[in-house]
Structures are given as structure tokens and as C-alpha cells.
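Visitor:
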DNA sequence: CGACATTTTGCGTGGCACGCATCTTTGCGT
DNA sequence: ACGCAAAGATGCGTGCCACGCAAAATGTCG
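Chains as they are written, first to last, in this note's numbering: chain A, 19 to 223; chain B, 19 to 223.
1) Just tell me which of A:136, A:159, A:188, A:194 has its CA closest to the CA of residue 180 of chain A.
2) Alpha carbon to alpha carbon, how far is residue 109 of chain B from residue 91 of chain A?
3) Beta-carbon separation of residue 70 of chain A and residue 56 of chain A under 8 Å?
4) Which residues, in chain order, does the segment 200-222 of chain B contribute to contact with chain A at a C-beta distance below 9 Å?
5) Out of curiosity, what's the CA-to-CA distance linking residue 96 of chain A and residue 162 of chain A?
6) Classify residue 139 of chain B: buried if its beta carbon has 16 or more other beta carbons within 10 angstroms, exposed otherwise.
7) Just reading off the alpha helix (DSSP H) that residue 21 of chain A is part of, what are its end residues?
8) Using Cβ-Cβ distances below 9 Å, what residues of the segment 140-154 of chain A are close to chain B?
9) Would you say residue 182 of chain B and residue 218 of chain A are within 8 Å of each other, going by their C-beta atoms?
10) Count the other CB atoms within 10 Å of the CB of residue 184 of chain A; is the residue buried (16 or more) or exposed (fewer)?
11) What runs of the alpha helix (DSSP H), each 4 residues or longer, lie entirely inside the segment 97-168 of chain B?
12) If you measure from the beta carbon of residue 188 of chain A to each beta carbon in chain B, is any gap under 8 Å?
13) Using 10 angstroms around the beta-carbon of residue 144 of chain A, count the other beta-carbons present and answer buried if the total reaches 16, otherwise exposed.
14) Considering only C-alpha positions, which residue in the set B:104, B:24, B:83, B:147 is nearest to residue 212 of chain B?
15) Give the interface partners of residue 47 of chain B over in chain A, defined as CB-CB distance under 9 Å, in chain order.
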């Protein structure tokens with residue numbers, strides 16, 4: 019039953035999230051008022067808070083959605099695939115660039131990336147982004163528990179795996195953004211997962 | 019040069035942090051106004067914001083301080099100790115209960131723990147707590163880089179180690195708080211670190 | 001069409017973060 | 001011991017934000 023009601027709601031939510039990010043990247047976090055976001059999404063200011071309980075949450079919403087998809091992706095992997103291979107693949111799947119990214123003109127791209135970095139530096143957003151990651155981690159842990167037949171309530175194992183996987187992705191992204199010599203994100207993610215799965219042994223020197 | 023100026027500042031900061039936690043555990047997050055915290059610490063409301071930029075940050079400040087101490091503790095460990103052993107010890111050191119915890123009467127203890135759980139459920143605090151963890155992780159990564167002779171700028175290794183260690187502590191604490199059959203925190207931490215250092219292999223079933 | 005449910009909206013309230021100007025305390029050189 | 005410069009504390013005022021409440025608008029279903 020995907021009634022008109024549900025669709026409109028999803029659309030409004032997406033519009034608000036997108037507008038929040040767009041305006042923030044453009045003008046900076048505290049030069050954007052909630053009123054502006056609401057207006058850009060064609061909705062009343064009061065309605066904004068029916069969808070998100072804070073400005074920061076709206077901006078982080080897309081990040082949350084994508085993170086949740088990783089957990090879903092893990093459940094789609096074949097059951098006989100080794101755990102860490104499945105995790106690596108599930109993570110990699112989330113990093114195939116979507117159409118709206120591809121469509122962006124190259125000149126605006128650098129400016130956009132700079133805006134993103136500035137945005138991520140905002141304390142209020144860091145907290146919200148981390149919360150999104152934590153939420154996704156919980157989902158991922160549940161998926162890992164199912165796959166490995168461990169028990170979320172009694173075993174630390176699934177949560178440890180989820181946290182470690184999450185950390186691998188985060189660190190890989192961080193290195194990708196700082197990219198002194200630009201490195202493809204796929205290589206970084208694969209490498210990070212391999213190191214974690216090997217128990218992070220100290221490098222011999 | 020530990021002048022009176024610095025000491026007083028540290029004391030005020032500690033008093034504010036402690037008051038913030040205490041009042042929040044007692045009454046609940048949004049039944050505490052900044053004004054109350056300032057009053058409990060014997061300071062003007064305006065001064066509160068000279069120390070912390072938000073109510074949530076004040077509450078998370080002790081968590082931050084403790085997390086930062088783990089990084090410092092790692093630097094104190096003997097250089098010839100194996101990395102993961104040193105990390106485990108450094109983490110364990112932070113969990114020897116202080117005098118003010120020991121002094122708490124047993125009956126109040128359960129109520130206190132419940133208050134803590136309620137507090138940690140508060141969204142605004144989760145974000146702030148996670149930010150504190152992230153800050154500490156950066157310090158820890160630097161310490162790991164020094165110890166292993168790796169380069170923060172080019173190697174993912176130190177950040178991966180820091181994130182994994184941090185995750186081990188977080189998961190252990192989480193299990194400790196849920197403690198269906200109460201388990202000593204030391205055992206949980208040791209166990210979590212061992213699993214991570216072994217590469218989190220799937221349990222055979 | 002008509003009644004019901006859900007959502008949007010406007011308004012009002014309480015609180016919070018912070019800039020600025022002022023007053024007090026502390027550290028230090030003489 | 002004294003006084004000055006720097007650092008910190010305080011009071012006040014401003015703009016914004018989250019949210020409760022009740023009324024109006026908008027889907028939904030018989």
C-alpha cells in the first residue's frame with residue numbers, strides 16, 4: 019500500500035534533507051536558518067520539526083540513510099560467502115557514485131567538496147553524523163549476529179565486528195577526503211578491511 | 019608553572035562537569051537548566067559558556083577527559099611491550115574506580131546506574147559523547163603512530179588501530195551496563211581486545 | 001458524498017548560545 | 001609592597017531554535 023500520503027511524506031523528507039545540505043554547503047552552517055530550509059522545500063517552518071528534531075539531524079539524514087543500506091546489503095550477500103569478504107563487498111556497494119553526483123559539472127565539484135569539508139568541521143554536525151553511524155552500527159550488528167548465529171544479548175562478537183567494519187569505512191573515507199595523492203576509494207576500503215580482518219598486527223620495520 | 023589561576027580554572031571546569039552529570043542523572047536531561055548547573059558550581063550562568071559551549075558538552079566532559087587519558091596511558095607503557103598488550107593495559111587503567119565511586123552507598127548505586135542509562139539515551143548527549151570518543155581516538159592514533167613508527171598522514175594503520183581499540187572499550191562498557199549476569203568490566207575489556215587482536219574470526223559452530 | 005484520520009500550519013513559550021562592555025582577580029616586574 | 005597589564009567573571013541584550021497546543025487543510029475509506 020504505497021498511498022499518495024506515504025509518497026508525499028517521503029518526498030517532503032527528501033526535499034528538506036537535500037535543501038538543508040545544499041544551503042549549508044553553500045552558505046555555511048549558521049548562515050542558514052530553519053526557516054530558509056523550510057522555504058526551499060516549500061513547507062512551513064513549523065513542519066520542518068515534524069520531520070527532523072533539529073537542523074543538524076536534517077543535514078545528517080542522507081548520511082544515515084546510506085549507512086543503513088550497508089547493513090541491508092550484508093543481508094543480501096550469499097550465506098556461504100566468508101564473513102569478512104561479505105562485509106567488504108557490502109561496504110563497497112555503497113560507494114558507487116549515484117547519478118546526481120555524476121551529473122555535477124567538474125568546476126563546481128571542487129568547490130562543493132570544499133563546502134562539504136567545512137560542513138563536516140561543524141561540531142554540531144559531527145555529533146549528529148556520529149549518531150547516524152552508531153545507529154547504522156546497531157543494524158549491522160544485528161545482521162552479523164544473524165549471519166554468524168551469535169547472540170546480540172550475550173556475545174560481544176557481533177557488535178565488535180560491526181564497530182570494526184564501521185571504523186574501516188570511516189578511516190578509509192577520511193583518507194580519501196584528505197587524498198594527498200588521490201587514491202580510489204575502493205582500494206582504501208578493501209585495504210582497511212583486510213588489515214582489520216588480519217587483527218591489525220604491528221607493521222614490521 | 020601551575021599557578022593559582024590554572025588550578026582555579028580546572029576546579030571550576032570540574033565542578034561544572036560534575037554538577038551537570040549529577041543533576042542530569044537526578045532529574046533528567048531537560049529538567050536541568052544551565053542556570054541550575056552554574057548555581058550548583060557556584061558560578062554565574064554566563065560563565066558556564068566560557069567553559070562549555072553547550073549543556074551536552076559539559077555532561078560529556080568527564081567522558082572526554084577519561085578517554086584522553088587512555089592515549090596518555092599508552093605513551094607511558096614500556097616501549098618493548100607488544101602493541102595490543104599495551105593498548106589493553108592502557109584501557110584497563112582507566113577503569114579502576116575512583117574514590118567518589120567507591121564511597122557511594124550500595125542502595126543508591128542501582129538507582130544511579132539507572133539514571134546513567136536514561137542519560138545515555140538522550141539523543142543530544144549521544145552525539146556529544148561520540149564526539150568525545152572521536153577526539154580521543156585522534157589522540158590515540160597519534161600515540162599509536164609514534165609507537166609503531168607509522169605515519170598518520172599516509173598510513174591508515176594507526177587510525178584503524180585507534181578506532182578498533184576504541185570500539186573494544188565501547189562495546190565492553192555497553193555489555194557491562196546491560197550486565198544481565200553482572201560481569202567484571204576488566205574481563206569484558208580484556209576479552210574484547212583479545213578478539214579484535216585476533217582479527218574477529220567468525221566463531222565455529 | 002460524508003465521516004474519520006492524518007498532516008500541516010500558526011502562535012506562543014521557555015530556553016540556549018553567544019557577542020559585547022564592564023568589573024574583578026591574578027601574575028609579575030620594579 | 002605596589003601598581004599595572006592581562007586574563008577571567010559577570011550582566012545584559014539579541015536572535016534562533018525546539019516544541020506544545022489547537023485549528024485548519026488534506027488524504028482515505030465506506
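Note that beta-carbon positions come from the ideal geometry of N, C-alpha and C, so glycine has one too.
Guide: Working from what's here:
1) The sequence position of residue 180 of chain A within the first chain is 162, counting from 1. Nearest option by C-alpha distance: A:159.
2) Stepping through the second chain from its first residue, residue 109 of chain B is reached at position 91. Stepping through the first chain from its first residue, residue 91 of chain A is reached at position 73. Approximately 33 Å between the Cα atoms of the pair.
3) Counting from 1 along the first chain, the entry for residue 70 of chain A is found at position 52. Counting from 1 along the first chain, the entry for residue 56 of chain A is found at position 38. Not in contact: residue 70 of chain A and residue 56 of chain A (Cβ atoms no closer than 8 Å).
4) 206, 209, 210, 213, 214, 215, 216, 217, 218, 219, 220, 221
5) Position 78 of the first chain, counted from the first residue, corresponds to residue 96 of chain A. Position 144 of the first chain, counted from the first residue, corresponds to residue 162 of chain A. Using only the alpha carbons, I get a separation of about 13 Å.
6) Residue numbering aside, residue 139 of chain B sits at position 121 when the second chain is read from its first letter. Per the 10 Å Cβ criterion, exposed.
7) Along the first chain, read from residue 1 onward, the residue named residue 21 of chain A stands at position 3. Looking at the DSSP string, residue 21 of chain A is not in any alpha helix (DSSP H), and its letter there is neither H nor E.
8) 141, 142, 144, 145, 146, 147, 148, 149, 151, 152
9) Stepping through the second chain from its first residue, residue 182 of chain B is reached at position 164. Stepping through the first chain from its first residue, residue 218 of chain A is reached at position 200. The answer is yes: Cβ separation under 8 Å.
10) Start at 1 with the first residue of the first chain, and residue 184 of chain A comes out as number 166. It is buried - the Cβ of residue 184 of chain A has at least 16 other Cβ atoms within 10 Å.
11) 101-111, 117-120, 124-139, 141-166
12) For the purposes of this step, residue 188 of chain A is identified with residue 170 of the first chain, where counting begins at 1. Judged by the 8 Å Cβ criterion, residue 188 of chain A is in contact with chain B.
13) Here the question's residue 144 of chain A lines up with position 126 in the first chain. The residue in question, residue 144 of chain A, is buried, as its Cβ has 16 or more Cβ neighbours within 10 Å.
14) Locating residue 212 of chain B in the second chain gives position 194, where the first residue counts as 1. The option with the nearest alpha carbon to residue 212 of chain B is B:104.
15) Position 29 of the second chain, counted from the start, is the residue given in the question as residue 47 of chain B. Going along chain A, no residue has its Cβ under 9 Å from residue 47 of chain B, so there is no contact; the nearest lies around 14 Å.
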